[in-house]
Amino acid sequence: MPLIDNNVKLDFKDVLIRPKRSTLKSRADVDLTRQFIFRNSKKTYQGIPIVASNMDTVGTFEMAIQLSKLQLFTTIHKHYTVEQWKEFAAEHKDILPNVAISSGMTENDLKKLRDVINAIPELEYICVDVANGYSEHFVEFVRYDLREPIRDFQVIPPGILSLQNLFYFCIHQKNDFIRFVLENSCKTLQQQCPLVKSAIEITRILCKLFYIGVEPNRHQIHKDYFLLFYTISSFFEQAFVRCLLLFNKTWKEMRACDVDFQVVSSVVYQQISQSLDDIFLINSSTTIINKTIISPYSSPKSQTLSSSVIKSPMNTSLTSIYQYTAMCSNGLFGVAAESEDFVIWDVEERRTIFVT
Numbered sequence: 190m191p192l193i194d195n196n197v198k199l200d201f202k203d204v205l206i207r208p209k210r211s212t213l214k215s216r217a218d219v220d221l222t223r224q225f226i227f228r229n230s231k232k233t234y235q236g237i238p239i240v241a242s243n244m245d246t247v248g249t250f251e252m253a254i255q256l257s258k259l260q261l262f263t264t265i266h267k268h269y270t271v272e273q274w275k276e277f278a279a280e281h282k283d284i285l286p287n288v289a290i291s292s293g294m295t296e297n298d299l300k301k302l303r304d305v306i307n308a309i310p311e312l313e314y315i316c317v318d319v320a321n322g323y324s325e326h327f328v329e330f331v332r333y334d335l336r337e338p339i340r341d342f343q344v345i346p347p348g349i350l351s352l353q354n355l356f357y358f359c360i361h362q363k364n365d366f367i368r369f370v371l372e373n374s375c376k377t378l379q380q381q382c383p384l385v386k387s388a389i390e391i392t393r394i395l396c397k398l399f400y401i402g403v404e405p406n407r408h409q410i411h412k413d414y415f416l417l418f419y420t421i422s423s424f425f426e427q428a429f430v431r432c433l434l435l436f437n438k439t440w441k442e443m444r445a446c447d448v449d450f451q452v453v454s455s456v457v458y459q460q461i462s463q464s465l466d467d468i469f470l471i472n473s474s475t476t477i478i479n480k481t482i483i484s485p486y487s488s489p490k491s492q493t494l495s496s497s498v499i500k501s502p503m504n505t506s507l508t509s510i511y512q513y514t515a516m517c518s519n520g521l522f523g524v525a526a527e528s529e530d531f532v533i534w535d536v537e538e539r540r541t542i543f544v545t
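Just so you know, the sequence shown maps onto residues 190 to 545 in our numbering.
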């Protein structure tokens, strides 16, 4: 059934710029120049925020030369060759801060884009020419640093893992994602819970708690590798979504602003850590799950898994139980292991599964 939206829609003809009080005496005193600081890269752009379209008859080199004299911006159309770009850059280096290169999303477009930005590193802006900015292909295309992809892992650890988590959040939890965005879009810039920054922070916290990226036997808690069983295929992404929503909830409850980001982060870290502690294994004979003591041998085996599923990579017997890392949320397993037995807690079904 087609969706018909009967709400009032506005067009460009409905826009009215309302004048405000001013101390200027003449129109000659007006300064249209603005400085923009990009939220993530912290780079700055200064000029008049009027952009010429990347249509093939508008976004030309000739147009860029003329508009740059007025401090205006031009997005160059995508039909120029690499050699034409090199020739233009050699003759007009001073114009490059006021232009953006356009590209499609095919393999040939991407190859040409890489060739141009490698030949002309002074180009700072890229315009992706796509009909639908909500396309999954568009998200995949803009995910990587085209100049030097490795910088995604170096500049903002844990790097691209945060973007993959955000992509999962957007695709698989659409309602929560839209609610997150809309709730913060109604606030001032200082009061908004920053989606990208908080996503990076939550990913960093989870990596720290789960010891992701840590070499074995380099920390004090884990002495061996243990198997983790989950009832879902995307455990880390699900944990990320739940923790990001917790971050947003804590942000609202604390009525935080941008200067309180680290304070909120530390509070969320304690909340997540405490939730994990509630299902951690404490000693070699008992398991505390949601503050309920369960003996590893208090009930008969309720399910037997095939040996191929429970095959352990360890050569040594398990003589003691260490702290485990498992998220206490629906559909996720908390795992225990003692001697030759695996004690598995199914959070969704609220029952134990013993595997010998």
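Just so it is clear, CB atoms sit at the ideal spot from N, CA and C, and this is done for glycine as well.
For residue i, three-class secondary structure by DSSP
i	result
S292	strand
Y234	strand
A241	strand
I226	strand
I315	strand
I265	strand
I309	coil
V197	coil
Q463	helix
Q451	helix
Q380	coil
P191	coil
Q353	helix
R210	coil
N297	helix
F358	helix
N321	coil
I401	coil
Beta carbon of residue i nearer than 8 Å to that of residue j
i	j	result
L433	F358	yes
V457	M443	no
I290	L302	yes
F262	V240	yes
F366	L395	no
A388	N354	yes
L253	N287	It is worth fixing the name first, because residue 253 is Ala in this sequence and not Leu. Cβ distance < 8 Å, so A253 and N287 count as in contact.
N297	T264	no
K267	D318	yes
T222	Q260	yes
L312	I306	yes
F369	L352	no
F450	K386	yes
D304	V271	yes
Extent of the continuous alpha helix (DSSP H) to which residue i belongs
i	result
L425	A small fix is needed here, since residue 425 is Phe in this sequence, not Leu. Segment 424-442, the alpha helix (DSSP H) holding F425.
Q273	271-280
A253	250-257
L371	363-374
V204	Note, V204: premise wrong, no alpha helix (DSSP H); not H, not E.
V247	Premise fails: V247 is in no alpha helix (DSSP H) and is neither H nor E.
A388	384-398
Beta-carbon proximity list for residue i, same chain, < 8 Å, skipping 5 on both sides
i	result
E538	Bear in mind that a pLDDT of 43 at E538, under 50, signals an unreliable position, so the number given afterwards is only what the model happens to contain. Nothing listed; no residue qualifies.
I309	W274, K275, A278, L285
L143	Since the displayed the chain opens at 190 and closes at 545, residue 143 lies outside it and no answer follows.
T233	Q224, F225, I226, F227
Residue i, enclosing beta strand (DSSP E) - first and last residue
i	result
V219	Run containing V219: none; DSSP gives neither H nor E here.
Contacting residues, own chain, Cβ-Cβ under 6 Å from residue i (five flanking each side not counted)
i	result
N373	Q381, C382
F425	none
Q235	Q224
C316	N243, T264, A289, S291
I345	Interpretation of I345 is limited by its pLDDT of 43, a score under 50 that renders its predicted location unreliable; the figure taken from the coordinates is listed afterwards. Taken in chain order, the residues that qualify are I389.
Residues near residue i by beta carbon distance below 7 Å, same chain, minus five either side
i	result
H326	M294
I461	I394, L398, C432
V247	A241
P547	Because the chain in this structure spans residues 190 to 545, residue 547 falls outside the shown range and cannot be described.
N282	A small fix is needed here, since residue 282 is Lys in this sequence, not Asn. Cβ neighbours of K282 beyond the five flanking positions: E311.
V448	none
Any chain C beta carbon closer than 8 Å to residue i
i	result
K376	The structure shown contains no chain C; it is built from a single protein chain.
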